[in-house]
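A.B. asks: Position one of the sequence shown corresponds to residue 302 (the numbering used here), numbered consecutively onward.
C-beta: ideal position from N, C-alpha, C; glycine also.
Mind looking over this structure? Questions follow.
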Amino acid sequence: MTLLALIVLSCCSKEVNEYDIILKKIDKSYQVKLDSGKFMLKTEREYSIRLDSLMQIVYSDLLTTKKAKKHLIEIEQNKWILQRKLKIENIRKHNNKLIEEIGFIPNDVKLLLYNEKSEATRKRVLELIHQF
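In structure tokens:
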């Protein structure tokens with residue numbers, strides 16, 4: 302293996318490890334807060350926001366690192382964003398029916414919405430990380 306190939310592999314595996322560490326820290330912090338049983342809706346919302354932020358960072362770094370595949374990565378990301386929006390919109394339609402029926406959305410239902418979004422985003426973060 303050439304020196305250049307070793308440097309590239311070292312660089313990419315370093316980024317993957319750093320992102321994995323960051324994701325694990327986010328997950329651990331989230332779980333600790335969730336296990337406390339306090340402010341669960343706020344915790345779920347914050348987790349979702351943090352995952353979105355991490356996804357944007359990983360995506361941006363991936364585009365910078367993989368310039369030859371930039372267009373394909375952009376297309377893939379746009380497809381993923383559209384699929385997530387459609388999934389969330391379907392959940393929101395269900396929530397709107399709840400509002401019509403009972404006049405409000407229970408916090409448990411809101412938690413599920415954030416959880417669905419977080420799970421999808423976390424899965425996407427892992428997919429992006431492993432493209433390095």
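1. Please classify Gln332: does DSSP put it in a helix, a strand, or coil?
2. Considering only the beta carbon of each residue, do Leu364 and Tyr415 sit closer than 9 Å?
3. Do the CB positions of Leu352 and Ile327 come within less than 9 Å of each other?
4. I need the straight-line Cα distance from Val426 to Gln332, nearest angstrom please.
5. Distance, Cα to Cα, Val309 vs Glu316?
6. Report the residue ranges of all beta strand (DSSP E) runs contained in full by the stretch 372–402; include only those spanning at least 3 residues, in chain order.
7. Between Ile376, Ala369, Leu324, Arg385, which has its C-alpha nearest Ile358's C-alpha?
C.D. replies: In short:
1. In this structure, Gln332 counts as helix in the three-state DSSP scheme.
2. No; because the gap between Cβ atoms is not below 9 Å, this pair is not in contact.
3. Going by C-beta atoms, Leu352 is nearer than 9 Å to Ile327.
4. Distance between Val426 and Gln332, taken at the CA atoms: about 18 Å.
5. Confidence at Val309 is low in this model, with a pLDDT of 39, below 50, so its placement is unreliable and the value that follows should be read with caution. Roughly 11 Å separates the two Cα atoms.
6. Taking 3 residues as the minimum length, the stretch 372–402 contains no beta strand (DSSP E) run wholly inside it.
7. Ile358 has its Cα closest to that of Leu324, out of Ile376, Ala369, Leu324, Arg385.
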